[in-house]
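Chemist: This is the structure, below, for whatever I ask next.
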Amino acid sequence: MKTRNAPSANAVKRAKGLDLTKLHPIFASNSQLLTQFNFIEQLKSFRPKHTILEEDGKNGTKQERKSQAQLAMEEKRRADQEKITMRHKKRNAKS
Numbered sequence: 014m015k016t017r018n019a020p021s022a023n024a025v026k027r028a029k030g031l032d033l034t035k036l037h038p039i040f041a042s043n044s045q046l047l048t049q050f051n052f053i054e055q056l057k058s059f060r061p062k063h064t065i066l067e068e069d070g071k072n073g074t075k076q077e078r079k080s081q082a083q084l085a086m087e088e089k090r091r092a093d094q095e096k097i098t099m100r101h102k103k104r105n106a107k108s
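Numbering-wise (this note's numbering), the sequence shown opens with residue 14 and increments by one.
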């Protein structure tokens, strides 16, 4: 499911014109091409351990700021923890 529209042609042109050396120090030198590639690949494969709903309650005390949605997600995660662990093992085995 996509949650974002495709970029406009104008936005693509502006992105191609950006000076990448100003974005992140790792892009400052061409001699670090392998490091740059590995960094980008790590970003592409990043998967957070928690959902947005679970992260929402990290600020404040444990019982403060917990919405019904967050409590439901935590309960679902506890119930499905074995399936989640198996999925992570499969994903890591493919890498």
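For every residue, glycine included, the Cβ atom is placed at its ideal position computed from N, Cα and C.
Expressed to the nearest angstrom, what Euclidean distance is found between the alpha-carbon atoms of residue 99 and residue 90?
Modeler: Going from the Cα of residue 99 to the Cα of residue 90 covers about 13 Å.
Chemist: What would DSSP say about residue 59, mapped onto helix, strand or coil?
Modeler: Looking at residue 59 - three-state DSSP - the assignment turns out to be coil, as it is neither helix nor strand.
Chemist: How is residue 31 classed by DSSP in three states: helix, strand or coil?
Modeler: DSSP places residue 31 in coil when its eight states are reduced to three.
Chemist: Quick one: Cα of residue 27 to Cα of residue 104, how far?
Modeler: Approximately 35 Å between the Cα atoms of the pair.
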